[in-house]
Amino acid sequence: MFEKAALMWIYAEHPVHAGSGSGVGAIDLPIQREQVTNWPIIQPSGVKGALREYFEKLRDGSQSSDSDFGKKTEEVFGPGEAAEYSGAASFTEAKVLFFPIRSLKGTFAYVTCPLALERFRRDLETLRDCNGTNLIDAGQDRPAFPVFPDDPGMESVWVAAKKGEPGKADSLLTTGKDHLVFEELSFKAKPHPEIGNLAEWILKAAGSLPWLDSGHLSKRLAIVSDDMFKDFVEMSTEVITRNRIDDETGTVQQGALWIEEHLPRETVLYSLIFAAKPFVKESERKLPGAGDVLNFITGQDCMPRYIWIGGNTTVGRGLVRLGFI
Numbered sequence: 165m166f167e168k169a170a171l172m173w174i175y176a177e178h179p180v181h182a183g184s185g186s187g188v189g190a191i192d193l194p195i196q197r198e199q200v201t202n203w204p205i206i207q208p209s210g211v212k213g214a215l216r217e218y219f220e221k222l223r224d225g226s227q228s229s230d231s232d233f234g235k236k237t238e239e240v241f242g243p244g245e246a247a248e249y250s251g252a253a254s255f256t257e258a259k260v261l262f263f264p265i266r267s268l269k270g271t272f273a274y275v276t277c278p279l280a281l282e283r284f285r286r287d288l289e290t291l292r293d294c295n296g297t298n299l300i301d302a303g304q305d306r307p308a309f310p311v312f313p314d315d316p317g318m319e320s321v322w323v324a325a326k327k328g329e330p331g332k333a334d335s336l337l338t339t340g341k342d343h344l345v346f347e348e349l350s351f352k353a354k355p356h357p358e359i360g361n362l363a364e365w366i367l368k369a370a371g372s373l374p375w376l377d378s379g380h381l382s383k384r385l386a387i388v389s390d391d392m393f394k395d396f397v398e399m400s401t402e403v404i405t406r407n408r409i410d411d412e413t414g415t416v417q418q419g420a421l422w423i424e425e426h427l428p429r430e431t432v433l434y435s436l437i438f439a440a441k442p443f444v445k446e447s448e449r450k451l452p453g454a455g456d457v458l459n460f461i462t463g464q465d466c467m468p469r470y471i472w473i474g475g476n477t478t479v480g481r482g483l484v485r486l487g488f489i
């Protein structure tokens with residue numbers, strides 16, 4: 165069915181509220197999470213809807229010289245009447261690869277864990293096997309995707325090692341005695357030779373997110389244990405209390421005080437895009453094949469660089485930058 169695939173990077177420029185409805189705990193409006201891991205995600209419907217809105221605005225704003233742009237948009241995302249035919253593009257949920265955590269030194273760290281990297285590797289295998297770019301094996305200007313089979317443990321964190329001195333850390337996050345502090349927790353910093361390779365791989369594969377390089381990615385990267393990563397993504401999201409003021413009294417309206425959860429800015433997520441031939445008669449297609457469908461989304465002519473995703477966009481939430489490979 166699906167013949168082509170691409171990887172989409174999602175970088176949170178602003179906090180993102182991809183909500184899951186009303187919560188039963190202290191947070192009234194929590195974000196979406198996986199059932200098994202409880203890690204944050206953005207559901208495929210939210211990813212697809214945000215992209216569809218972008219292309220429909222291009223169509224309605226006449227920002228494309230292509231007279232068939234509207235029809236192509238429907239072939240990719242589906243028509244207004246869903247029963248007519250299916251869209252030719254499929255989107256996976258957006259998963260967190262790097263989660264920003266406050267650090268005593270270096271301001272913040274890009275944190276991940278062995279399980280997140282292994283799941284990402286499996287997604288890269290799917291990408292390769294569905295006729296997408298092979299990002300696992302070494303390329304002409306890109307190292308092979310590194311493997312982290314072990315776990316640093318609850319009391320340690322892997323950071324980049326100095327070139328030529330593998331026993332010394334090369335990180336913005338460490339204090340004088342190779343310790344680091346994330347949130348209120350102290351860890352032992354352990355240099356790992358593959359951290360630098362991971363950073364180099366990211367910079368090559370996510371070249372459309374250039375500030376990762378200018379932000380000293382390798383020196384901000386930190387790999388924590390799977391259990392610690394779970395704690396961070398559960399306890400260190402951005403939680404905001406909001407209210408609504410009564411214009412007549414100048415006080416909070418009754419019942420208009422609530423707490424929202426957001427993915428913090430600087431979060432790095434990814435999603436896979438799969439493409440099939442449009443589900444219309446071949447003679448009526450404006451996009452002949454799966455490659456054309458994928459290129460419509462990721463090609464330079466109208467490729468989305470920024471989109472708004474999730475809720476509360478009118479109060480500065482949801483602006484993300486995209487990259488494709």
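What the sequence shown shows, in this note's numbering, is residues 165 to 489, in sequence order.
Backbone N, C-alpha and C fix where the C-beta goes; we use that ideal spot for every residue, glycine too.
- Secondary structure note for Asn361: its alpha helix (DSSP H) is the uninterrupted segment Pro357 to Ala369.
- Distance from the CA atom of Leu268 to the CA atom of Val323, rounded to whole angstroms, is 15 angstroms.
- Fully contained in the stretch 265-336 are the following beta strand (DSSP E) runs of length 3 or more, in chain order: 272-276, 320-326 and 329-333.
- Listed as beta-bridge partners of Thr431 by DSSP are no residues whatsoever.
- Contact between Ala273 and Arg384 holds: CB atoms are separated by about 5 angstroms, below the 8 angstroms threshold.
- Around the CB of Glu239, 16 or more other CB atoms lie within 10 Å, so the residue is classed as buried.
- Cβ neighbours of Ile423 within its own chain (closer than 8 angstroms, five residues either side excluded): Ala190, Ile191, Asp192, Leu193, Val403, Ile404, Thr405 and Arg406.
- Just so you know, the alpha carbons of Ser254 and Phe166 end up roughly 8 angstroms apart.
- Straight-line measurement puts the Cα of Glu364 at about 15 angstroms from the Cα of Ile387.
- DSSP places Thr462 within a helical segment (H, G or I) once states are collapsed to three.
- Around the Cβ of Asp287, a 10 Å sphere holds 16 or more other Cβ atoms; the residue is buried.
- Contact annotation: Asp390 and Asp315 have beta-carbon atoms nearer than 9 angstroms.
- Under the three-state reduction of DSSP, Pro442 is assigned to coil, being neither helix nor strand.
- Here Glu398 carries a helix assignment [DSSP, helix/strand/coil].
- Note that the stretch 458-477 touches the stretch 200-213; at least 3 beta-carbon pairs, one per stretch, sit closer than 8 angstroms.
- Contact between Leu483 and His178 is confirmed by a C-beta separation of about 4 angstroms, below the 8 angstroms threshold.
- Under a 10 Å Cβ-count criterion, Gln196 is classified as buried, with 16 or more other Cβ atoms of the shown protein chains found around its own Cβ.
- In the three-state scheme derived from DSSP, where H, G and I count as helix and E and B as strand, Ser447 is classed as helix.
- From the listed residues Thr201, Ala258, Glu245 and Leu222, the smallest Cα separation to Tyr434 is found for Ala258.
- Residue pairing by DSSP places Val345 opposite Ser350 in a beta bridge.
- In this structure, DSSP gives Pro208 a helical state, which the three-state scheme calls helix.
- Short of 7 angstroms from the beta carbon of Leu336, and not among the five residues preceding or following it, lie these beta carbons of its own chain, in chain order: Lys269, Gly270, His380, Lys383 and Arg384.
- In the three-state reduction of the DSSP assignment, Arg216 falls in the helix class.
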